[in-house]
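Asks:
Residue numbers (this note's numbering), protein chains in the order written: chain A, 43 to 604; chain B, 1424 to 1570.
1. Flag residue 1506(B) as yes if its beta-carbon sits less than 9 Å from any beta-carbon of chain A, otherwise no.
2. If you draw a straight line from the alpha carbon of residue 1499(B) to that of residue 58(A), how long is it in whole angstroms?
3. Consider the Cβ of residue 1563(B): report whether some Cβ of chain A lies at a distance smaller than 9 Å.
4. Rank 68(A), 299(A), 391(A) by C-alpha distance to the C-alpha of residue 327(A) and give the top, closest one.
5. Say whether chain A places a C-beta atom closer than 9 Å to the C-beta of residue 1489(B).
6. Between residue 480(A) and residue 393(A), what straight-line distance do the alpha-carbon atoms span, to the nearest angstrom?
7. Is the beta carbon of residue 273(A) sitting closer than 9 Å to the one on residue 279(A)?
8. What distance in whole Å lies between the Cβ atoms of residue 148(A) and residue 134(A), which are believed to be in contact at a cut-off of 8 Å?
9. Please specify which runs of the alpha helix (DSSP H), each continuous and at least 4 residues long, are wholly inside the region 1495 to 1519 of chain B, giving them in chain order.
10. Using the C-alpha atoms, what's the distance from residue 367(A) back to residue 241(A)?
11. Is residue 1457(B) close to chain A, meaning its C-beta is less than 9 Å from at least one C-beta of that chain?
12. According to the Cβ coordinates, are residue 47(A) and residue 64(A) closer than 9 Å?
13. Helix, strand or coil for residue 579(A)? Go by DSSP, reduced to three states.
14. I'd like the span of the beta strand (DSSP E) that includes residue 605(A), first residue to last.
15. Helix or strand or just coil, what does DSSP make of residue 1490(B)?
16. Whose Cβ in chain A lies nearer than 7 Å to the Cβ of residue 1538(B)?
17. Given that residue 1460(B) touches chain A, what residues does it touch there, using C-beta distances under 9 Å?
18. Quick one: does residue 1492(B) have its CB under 9 Å from some CB of chain A?
19. Can you tell me where the beta strand (DSSP E) with residue 445(A) in it begins and where it stops?
20. Could you pull out every residue in the same chain whose Cβ sits closer than 8 Å to the Cβ of residue 126(A), ignoring the five residues on either side in sequence?
21. For residue 171(A), report the span of its beta strand (DSSP E) as first-last.
22. List the residues that DSSP assigns as beta-bridge partners of residue 346(A).
23. Can you tell me whether residue 1439(B) is buried or exposed, with buried defined as 16 or more other CB within 10 angstroms of its CB?
24. For chain B, find out if any of its Cβ atoms is closer than 9 Å to the Cβ of residue 605(A); answer yes or no.
25. Please look up how many angstroms separate the CB atoms of residue 381(A) and residue 541(A), rounded, as I've assumed it's under 8 Å.
26. Show which residues of chain B have a CB atom less than 7 Å away from the CB atom of residue 127(A).
27. Does DSSP classify residue 370(A) as helix, strand or coil?
28. What residues in its chain sit with their C-beta under 8 Å from that of residue 140(A), if we drop five residues either side in the sequence?
29. Are the beta-carbon atoms belonging to residue 154(A) and residue 176(A) less than 9 Å from one another?
30. Apart from the five residues just before and just after residue 483(A), which ones in its own chain have a Cβ nearer than 8 Å to its Cβ?
31. If you drop the 5 nearest sequence neighbours on each side, which residues of the same chain put their C-beta closer than 7 Å to that of residue 1427(B)?
32. If you measure from the beta carbon of residue 1472(B) to each beta carbon in chain A, is any gap under 9 Å?
33. Determine the extent of the beta strand (DSSP E) in which residue 70(A) is found, giving its start and end residues.
34. Would you give the residue range spanned by the alpha helix (DSSP H) that residue 93(A) belongs to?
35. Going straight from the alpha carbon of residue 579(A) to that of residue 548(A), what length do you get?
36. Where does residue 1444(B) sit, in a helix, a strand or coil, going by DSSP?
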């Protein structure tokens, strides 16, 4: 049974769906964005959203909440009516910021969209669907719903046990399926992605076991090997090949024979060694340094980098022929933590579960459980834990429940996590340790009738602690003054590009960055921004409207400036 | 249908008209057959059961539900076309007006839930619903292309 949320100001869709699709669970309809956000924040595992477009709702519930840019004096009623007629698209914009992978059927046909530009945008989004027909009937809606749900298959129990956390979004499950297929083949695999996204873990724990190769898994981080030693390290060396080569040594190619060789940070390979690696890929042969004898190389090659290999090829720093041999058509880009918003709650639970098993945290948990009269498992096994935004109403002395305060959850979810999962795991480990140490140290201070101790099985994750731990990790953005003046009236500024769900999502992210930077640069003067962007000092409203559409909160920017 | 005298020859390039037709297509076209379009074929040919009567009453007499109360199909048409100039700027609107009039003629039978009369009228109601949907969709598409 799939869980479906209808966002609609009337019961018409809900009545239709519950009548004709009894096999699915339809959550109570959300009447506006606020209710939708609450439901999605509360409910776990919503599989699909049906989103109406026209919302006949009070002005105060209409998005954007700050209407000064879109509703002016003379045409106020008409502007509000337009907002109501296209409200679903405003809601979609907001939903996409927090749930980029959540399938959403916008309950309108392409022809009925309020603006042509929106049609283009919606078509470009991966998980946004429009109705196939102008007028809906239950049968066609059901077919469409089934088609979309079929693509969102939940992970099996064995998948869920894999060390790499896949989650349940279509994007990740597609990636998993394709990687599983390519792991069995003989072609090399390129893994791309920011630092800490799990490239090495994936190579070791997912690709190698599926490669059906009997040899070992050998990993090499090329960024840690001095350039002058790299050839010997990779291909091996014979005694006397150079000064200091006092004995013959095997290289990693020999050690990985029959297995998988994982070359991390492939961009660090010199052009000369790139040529040698190309020969390995083309002919399956190589010679150790100082030897004329050829050896056979039989390895499944997996390479990884967080650099842009295409740019390196264009800059002449990476051989094009090697790049082509590495099978770039099937390069896999692992999403960063901030791109996995739909899975965030599950990711949090997964990683908290992991850090709870670390020796120190495990001991602290047992100590806490003993102090508060809980019932740790026999035989020194780890204390079971759970984490969530709610806890069971009935106390459970056999488990510790970490209760994530809504503000704590928001802080965690909105943090950019530049170090991705590695940073996330370290952070959670610190969070658990500090929370538990504080509680264990305070054990003697707890009064027997202290109401806060009514549920010793519940440990709240307080926003204060989260904020304190996040603060040192916040990377300040470059000061506005860093933006160099370009020739003429133009401005030049640096933006961060990260892979997005669609080209449109990437563009919106870039646009958000430069509008925010310009806002700072021009001290919040929208007229000057309009002058710079449109050549029209009176176009401030247009700029403000665009910023609202992109979800930029002017109030927040003002506070930041203050 | 005898719609000729009510139609203007003026080409309808007015953005306000396009907006009005989009709203009409949504509020009238979408909901005028919302429930009845899902009825099985037997409901239209066999003895008129409660499912048919319920669906037609909901679709025709309460096409649009607002905070101020239910609006019948003809109320929705009238309120949305209040500012549209006469003669109609598009042939399709005349066809919709005629179909809405057919529905309005069925109002007494629907209000009284008169199964016998509804059985006699259901073919005409179904045709009128289809006309409203088809004409509004065609007009909406045409205006979008022309703009």
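Think of the CB as a built atom: it goes at the ideal place given N, C-alpha and C, for glycine as much as any other residue. Just so we're clear, the structure is a prediction, and the values are computed from it rather than from any experiment.
Replies: Taking the coordinates as given:
1. With 9 Å as the cut-off, residue 1506(B) does not count as an interface residue toward chain A.
2. For residue 1499(B) and residue 58(A), the gap between their C-alpha atoms comes out near 22 Å.
3. Judged by the 9 Å Cβ criterion, residue 1563(B) is in contact with chain A.
4. Looking at the Cα atoms, 299(A) is the closest of the given residues.
5. Taking CB atoms only, residue 1489(B) has a neighbour in chain A less than 9 Å away.
6. Just so you know, the alpha carbons of residue 480(A) and residue 393(A) end up roughly 21 Å apart.
7. Yes; because the gap between Cβ atoms is below 9 Å, this pair is in contact.
8. Distance from residue 134(A) to residue 148(A) at the Cβ level is roughly 6 Å; contact confirmed, criterion being Cβ atoms closer than 8 Å.
9. Residue ranges of uninterrupted alpha helix (DSSP H) with 4 or more members, entirely inside the region 1495 to 1519 of chain B and ordered along the chain, are 1496 to 1503.
10. Distance between the alpha carbons of residue 241(A) and residue 367(A) is about 20 Å.
11. By this cut-off, residue 1457(B) is an interface position.
12. Cβ distance not < 9 Å, so residue 47(A) and residue 64(A) don't count as in contact.
13. Shown here, residue 579(A) sits in coil according to DSSP, grouped into three states, outside any helix or strand.
14. There is no way to answer for residue 605(A), as the model of chain A reaches only from 43 to 604.
15. In the structure shown, residue 1490(B) falls within a coil segment according to DSSP collapsed to helix, strand and coil.
16. Those do not exist, as residue 1538(B) stays about 22 Å from chain A at its closest Cβ, beyond 7 Å.
17. By Cβ distance, chain A contributes 177, 178, 179, 180.
18. No - not a single Cβ of chain A is within 9 Å of the one on residue 1492(B).
19. Membership of residue 445(A) in the beta strand (DSSP E) is indicated by the continuous run 442 to 446.
20. Cβ neighbours of residue 126(A) beyond the five flanking positions: 96, 97, 98, 99, 104.
21. If you look at residue 171(A), you'll find it in the beta strand (DSSP E) that goes 170 to 173.
22. According to DSSP, residue 346(A) bridges with 233(A), 306(A).
23. The residue in question, residue 1439(B), is exposed, as its Cβ has fewer than 16 Cβ neighbours within 10 Å.
24. A question about residue 605(A) goes unanswered here, because the residues of chain A that appear run from 43 up to 604.
25. Here residue 381(A) really is in contact with residue 541(A); their C-beta atoms are around 7 Å apart, less than 8 Å.
26. From the beta-carbon of residue 127(A), the residues of chain B found nearer than 7 Å are 1446.
27. Correct three-state label for residue 370(A): helix.
28. Here the set comprises 79, 82, 383, 455.
29. Contact annotation: residue 154(A) and residue 176(A) have beta-carbon atoms nearer than 9 Å.
30. Sequence-distant partners of residue 483(A) (beyond 5 residues in either direction) whose C-beta falls short of 8 Å from its own C-beta are missing from its chain.
31. Per-residue confidence for residue 1427(B) stands at a pLDDT of 42, beneath the threshold of 50, marking its modelled position as unreliable; the derived number appears in the next sentence. The answer is none, since no qualifying residue turns up.
32. No, residue 1472(B) lies away from the interface with chain A (no Cβ there is under 9 Å from its Cβ).
33. Looking at the DSSP string, the run of the beta strand (DSSP E) that includes residue 70(A) is 67 to 72.
34. No alpha helix (DSSP H) contains residue 93(A), which is instead part of the beta strand (DSSP E) from 90 to 93.
35. When rounded, the distance between both Cα atoms is 28 Å.
36. In the three-state reduction of the DSSP assignment, residue 1444(B) falls in the helix class, which pools H, G and I.
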